[in-house]
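Undergrad: Numbered per our numbering, the sequence shown finishes at 417, counting up by one with no gaps.
There's a structure below that I have some questions on.
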Amino acid sequence: MDALARFRLDGKVAAVTGAARGIGLAVAELLAGAGADVALIDLNAELGPAAAEKVAATGRRSIFYPADLRKPEASTRAVEQILADFGRVDILVNCVGINPNTDVLDISPEEWREVQDVNVNAMFFTNQAFARHMAKHGGGSIVAIGSNSGFTVDKPQPQAHYNASKAAVHQMVKSLAVELAPFRIRVNAVAPGYTLTEMTRLGLGKREWVEVWEEMTPMKRFAEPDEIAHAVLFLASDAASYCTGTVLLVDGGYTCW
């Protein structure tokens with residue numbers, strides 16, 4: 161097979177969570193550009209339909225599914241709806257995540273639980289629901305969005321709950337990779353550094369934060385969402401056929417210090 165052809169996703173169906181904007185939307189567009197039909201899943205029912213239209217502009221089939229993935233039954237229902245519309249799912253890219261910046265002494269139990277509920281629980285329930293389908297139908301590829309924050313403690317912003325959640329995502333990916341390998345399901349993660357999404361832009365108004373982020377990043381710039389999406393495409397495609405349990409850092413060298 162031609163080497164570049166292994167990056168193609170023709171004839172495959174991909175589901176992308178957190179797809180209404182940011183990295184999730186960039187991933188959905190790129191997977192469609194590589195030939196996949198794409199199901200977009202997000203809690204944001206306001207932005208979701210427009211995101212699906214943007215993805216459909218690539219010429220691939222695209223449908224938006226509103227879902228609160230913190231609820232296990234929502235993940236199961238999403239799989240059922242996608243199977244009814246597309247007939248199969250070959251790829252899951254899991255981009256759900258939130259990051260409130262709160263000092264550790266001020267994090268309430270409610271806020272701690274909310275971050276873990278979205279970043280860890282929703283991630284697991286969705287991986288599990290789609291893996292159950294893939295295990296019955298010959299395998300597939302799951303890619304989670306982790307973070308450089310799962311490897312190191314970012315500064316100067318406070319985010320103990322976020323850092324803990326992303327470390328959990330990385331370990332979850334490795335655990336699922338081991339257990340799902342017999343079913344021909346590969347499970348990997350991309351760990352982005354600072355990326356110009358709506359989440360990161362919330363901190364861009366604090367110049368003292370931005371100066372530290374830039375100084376700590378050897379490449380002296382932030383990533384564009386499509387740069388993260390390219391790494392996701394590699395792991396989702398047959399080009400990464402011997403990769404499982406991999407957490408691929410795409411952070412401009414941030415964690416090299």
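The beta carbon of each residue, even a glycine, is placed where N, CA and C say it ideally should be.
1) Within 10 angstroms of its Cβ, does Trp373 collect 16 or more other Cβ (buried), or is it exposed?
2) How big is the Cα-Cα spacing for Ser268 and Ile258?
3) Use the C-beta contact count for Gln319: other C-beta atoms within 10 angstroms, 16 or more gives buried, fewer gives exposed.
4) Taking the beta strand (DSSP E) that Arg346 falls in, what are its first and last residues?
5) For Ala295, is the beta carbon positioned less than 8 Å from some heavy atom of the ligand ADP?
6) If we define contact as Cβ-Cβ less than 9 Å, is Tyr354 a contact residue for chain B?
7) What separation, rounded to the nearest whole angstrom, lies between the Cα atoms of Met359 and Ala389?
8) Nearest by alpha-carbon distance to His293: which of Val303, Val350, Asn281 and Ile251 is it?
9) From the DSSP output, in three-state form, read off Phe224 for me.
10) CB-CB under 7 Å to Val198, same chain, minus the five flanking residues each way: which ones, in chain order?
11) Check for me: the alpha helix (DSSP H) holding Ala244 runs from which residue to which?
12) Classify Ile305 as helix, strand or coil using the three-state DSSP reduction.
13) Who are the Cβ neighbours of Cys403 in its own chain at under 7 Å, not counting the five residues just before and after it?
14) To the nearest angstrom, how far is the alpha carbon of Asp202 from that of Ala163?
15) Give me the residue from Val370, Ile305, Gly299 and Tyr414 with the minimum Cα distance to Ile183.
TA: Looking at the coordinates:
1) For the purposes of this step, residue 373 is identified with residue 213 of the sequence shown, where counting begins at 1. If you draw a 10 Å sphere on the C-beta of Trp373, you find 16 or more other C-beta atoms in it, and that means buried.
2) Along the sequence shown, one-based indexing puts residue 268 at 108. Along the sequence shown, one-based indexing puts residue 258 at 98. Each residue's CA atom was taken as its position, placing Ser268 and Ile258 some 15 Å apart.
3) Counting from 1 along the sequence shown, the entry for residue 319 is found at position 159. So Gln319 counts as buried.
4) Counted from its first residue, the sequence shown places residue 346 at position 186. Ile345 to Pro352 is the extent of the beta strand (DSSP E) around Arg346.
5) Although the ligand ADP was asked about, the structure shown includes no ligands whatsoever.
6) In the structure shown, chain B does not exist; there is a single protein chain.
7) Within the sequence shown, residue 359 is the residue found at index 199, counting from 1. Within the sequence shown, residue 389 is the residue found at index 229, counting from 1. Their backbone Cα atoms lie some 16 Å apart in a straight line.
8) Sequence index remark: in the sequence shown, residue 293 carries index 133 (1-based). Of the listed residues, the one whose Cα sits closest to His293 is Ile251.
9) Within the sequence shown, residue 224 is the residue found at index 64, counting from 1. Strand.
10) Start at 1 with the first residue of the sequence shown, and residue 198 comes out as number 38. Closer than 7 Å at the Cβ level, and outside the excluded window around Val198, lie Ala174, Val176, Ala188, Leu191, Ala192, Val215, Arg220 and Ser222.
11) On the sequence shown, position 84 is the one that residue 244 refers to. Run containing Ala244: Pro232 to Phe246, per the alpha helix (DSSP H) assignment.
12) Locating residue 305 in the sequence shown gives position 145, where the first residue counts as 1. It is a strand residue.
13) Here residue 403 corresponds to residue number 243 of the sequence shown, with the count starting at 1. Closer than 7 Å at Cβ, skipping near neighbours: Arg346, Asn348 and Leu395.
14) Stepping through the sequence shown from its first residue, residue 202 is reached at position 42. Stepping through the sequence shown from its first residue, residue 163 is reached at position 3. Those two C-alpha atoms are separated by around 33 Å.
15) As a working note, residue 183 is residue 23 in the sequence shown. Relative to Ile183, the option among Val370, Ile305, Gly299 and Tyr414 whose CA is nearest is Ile305.
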